[in-house]
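A.B. asks: In our numbering, the protein residues as written are 203 to 393.
Cβ atoms here follow ideal geometry from the backbone N, Cα and C, with glycine treated the same way.
Remember, predicted model here, so these are calculated numbers, not experimental data.
Questions regarding the structure given below will be posed in turn.
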């Protein structure tokens, strides 16, 4: 009997706490975690010039390539995965929908956990992380103008069922378990 694939998108603005929550959900559900930044950072380490912060087109191409790799890995995963990325709908909705379809999934059945946090909190977290040296060189500094764009476009994709989680504060183990149950109960996301 085939295993039911469980897939969930974890989305939110930079500095929202996506990685922290996605890692905990993957552990709770026993699923692989596919993080855009992990793939993007590996590309930057392996490909000459991929982390050239002065070339915005190259930066965007590295991000797009990272997500294409994630969709391919997701298509091959027999159990599914937690997919963590920053995907504003105004820019990425069509791209994410197509990627999920290529992975053999019905986007309307893939739950999205949206990490909701005030932009001011996310901006502060992002700055602290950058100042600490914990950010890979592939990630560039976000300008005030770009943070304004983030504030205007930082909403859920809305392809499938959306679970909004307040990540401005630590998420309790109990809440992580509750979210994991909701993800698992959402059913398989196959077409």
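Starting from residue 310, trace the alpha helix (DSSP H) both ways and give me its first and last residue.
C.D. replies: Unbroken run through residue 310: none, as it is neither H nor E.
A.B. asks: Which stretch, first to last residue, makes up the beta strand (DSSP E) that contains residue 235?
C.D. replies: That run of the beta strand (DSSP E) goes 235-237.
A.B. asks: Taking a contact to mean a Cβ-Cβ separation below 8 Å, would you say residue 212 touches residue 299 in this structure?
C.D. replies: Not in contact: residue 212 and residue 299 (Cβ atoms no closer than 8 Å).
A.B. asks: Taking the Cβ atom as the reference point for each residue, do residue 236 and residue 272 lie within a distance shorter than 8 Å?
C.D. replies: In contact: residue 236 and residue 272 (Cβ atoms closer than 8 Å).
A.B. asks: For residue 319 and residue 281, what's the separation of their Cα atoms in angstroms?
C.D. replies: Near 30 Å, if we compare the C-alpha coordinates of residue 281 and residue 319.
A.B. asks: Starting from residue 209, trace the beta strand (DSSP E) both ways and give me its first and last residue.
C.D. replies: It spans 208-213 - the beta strand (DSSP E) in which residue 209 sits, taken as one unbroken run.
A.B. asks: Roughly how far, in whole angstroms, is the beta-carbon of residue 276 from the beta-carbon of residue 283, given that I think they are within contact range, below 8 Å?
C.D. replies: Contact flag correct, Cβ pair sits at about 6 Å.
A.B. asks: To the nearest angstrom, how far is it from the Cα of residue 218 to the Cα of residue 306?
C.D. replies: If I take the Cα positions, the gap works out to 28 Å.
A.B. asks: Pick out the complete beta strand (DSSP E) segments inside the segment 259-328, 3 residues or longer, and give them in chain order.
C.D. replies: Counting only runs of 3 or more, we get 282-286 and 314-318.
A.B. asks: Would you decide whether residue 346 is buried or exposed? Buried here means 16 or more other CB atoms lie within 10 Å of its CB.
C.D. replies: Answer is exposed; the Cβ neighbour count stays below 16.
A.B. asks: Flag this pair as touching only if the segment 289-297 and the segment 317-331 have three or more C-beta atom pairs under 8 Å; answer yes or no.
C.D. replies: They do not touch, by the three-pair rule.
A.B. asks: Is it right to say residue 296 is buried, meaning 16 or more other beta carbons lie within 10 angstroms of its own, or is it exposed?
C.D. replies: Exposed, because fewer than 16 other Cβ atoms sit within 10 Å of the Cβ of residue 296.
A.B. asks: For residue 350, tell me which candidate among 209, 215, 206 and 208 has the shortest Cα-Cα distance.
C.D. replies: Per the Cα distances, 215.
A.B. asks: Could you tell me which residues DSSP puts in a beta bridge with residue 364?
C.D. replies: Residue 364 pairs with 314.
A.B. asks: Using a Cβ-Cβ cutoff of less than 6 Å, which residues in the same chain neighbour residue 278 once the five nearest sequence positions on both sides are dropped?
C.D. replies: Nothing meets the Cβ criterion.
A.B. asks: Residue 367: which of 265, 242 and 313 sits nearest, CA to CA?
C.D. replies: When each option's Cα is compared against that of residue 367, the closest is 313.
A.B. asks: Would you decide whether residue 247 is buried or exposed? Buried here means 16 or more other CB atoms lie within 10 Å of its CB.
C.D. replies: So residue 247 counts as exposed.
A.B. asks: Would you tell me roughly how many angstroms separate the C-alpha atoms of residue 203 and residue 294, rounded to the nearest one?
C.D. replies: Summary for residue 203: the model assigns pLDDT 41, below 50, so the residue's position carries little reliability; its value from the coordinates is reported in the next sentence. For residue 203 and residue 294, the distance between alpha carbons rounds to 35 Å.
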